[in-house]
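Each residue of the sequence shown is one higher than the one before, counting from 1 in this note's numbering.
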Amino acid sequence: MTFLYFAYGSNMLPARLLGRCPSAKVVGTGVARAWSLAFSKASKDGSGKATLVAEPNSAVPGVIFEIDLAERELLDRHEGVGSGYRRDDAFAVEGITVPTSSYLGTSLDHTLRPFDWYLATVVAGADYYGLETAYVAALRSTRFVEDTELDRRTRVEAIEAMREHGIEDYRTLLERLG
């Protein structure tokens with residue numbers, strides 16, 4: 001058995017999601033209506049991670065994956081279910097008529113900013129799947145914080161995932177707004 005997963009953040013980058021859920025297969029792209037993307041989910045590292053925030057006249061594009069049900073618990077752990085995220089198994093994605101899962105932040109802080117490498121993984125995934133040019137440009141212009149902890153495990157893993165997609169210097173994906 002499998003489930004559908006709507007990725008809108010760093011898991012859009014194939015190497016990143018496949019490192020967590022090896023069975024993941026792309027179904028296509030989709031749009032979540034009445035949501036906007038924010039980097040306001042507080043992370044243990046002090047940065048902001050991607051989440052969706054209800055906003056009536058907005059829409060967030062993303063990527064739909066089919067994943068073996070046996071890997072759901074693993075994805076829940078990586079996404080922090082019970083520690084800042086909740087899984088929504090009835091998440092509406094335009095054009096998809098079967099139940100789709102996605103993860104939503106539960107306690108938000110809109111003063112947070114994403115780390116540079118984290119934002120770059122989101123940009124890389126959006127670019128990889130050819131999401132709207134204007135959307136990718138908006139992601140690139142998101143204000144971020146440079147991560148000074150160069151050996152942070154999550155940073156190293158994200159940079160490696162980007163390298164697997166031919167991105168040698170993730171900073172080229174970001175505008176220098178910092």
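The beta-carbon is built from N, C-alpha and C at its ideal position, and this holds for glycine as well.
Terminal residues of the beta strand (DSSP E) in which residue i lies
i, result
"E168", "E168 -> no beta strand (DSSP E), and no H or E assigned at all."
"F105", "According to the sequence provided, residue 105 is Gly. The question's Phe does not apply to it. Start and end: T100 to G105."
"E94", "Careful: E94 lies outside any beta strand (DSSP E) and carries neither H nor E."
"T2", "T2 to A7"
"L52", "G48 to D68"
Terminal residues of the alpha helix (DSSP H) in which residue i lies
i, result
"Y128", "D116 to Y128"
"R181", "Nothing in the structure corresponds to residue 181, since the chain is present only between 1 and 178."
"D76", "R72 to E79"
"E160", "R153 to E164"
"P14", "P14 to R20"
Whole-number beta carbon distance between residue j and residue i, since they are thought to touch under 8 Å
i, j, result
"K49", "F39", "7 Å"
"E84", "G62", "What sits at residue 84 in the sequence shown is Gly, not Glu. Rounded, the Cβ-Cβ distance is 19 Å, inconsistent with contact."
"T100", "L4", "4 Å"
Closest Cα partner of residue i within the set the options
i, options, result
"N42", "I96, E94 and V81", "Rather than Asn, the amino acid found at residue 42 in this sequence is Ala. The shortest C-alpha separation from A42 is found at V81."
"G125", "S107, H165 and T97", "H165"
"K25", "W35, L69, P56 and A32", "L69"
"T154", "P56, R143 and R20", "R20"
"S10", "W35, R113, L119 and R171", "L119"
"E168", "E160, E175 and S101", "E160"
"E79", "F6, M162 and V156", "F6"
"T157", "M1, Y8, T2 and A15", "Going by the sequence as given, residue 157 is Glu instead of Thr. Minimum Cα distance to E157 is reached at A15."
"L75", "D151, L150 and L18", "L18"
"R152", "T111, D88, S23 and F115", "F115"
"F91", "A32, M1, S58 and R143", "A32"
In DSSP terms, what residue i is bridged to
i, result
"L173", "BP columns for L173 are empty, so no partner."
"T29", "V63"
"S36", "V53"
"A42", "G48"
"L108", "K41"
"R147", "Looking at the sequence itself, residue 147 is Asp, so the reference to Arg does not match. D147 is not bridged to any residue."
"D88", "S102"
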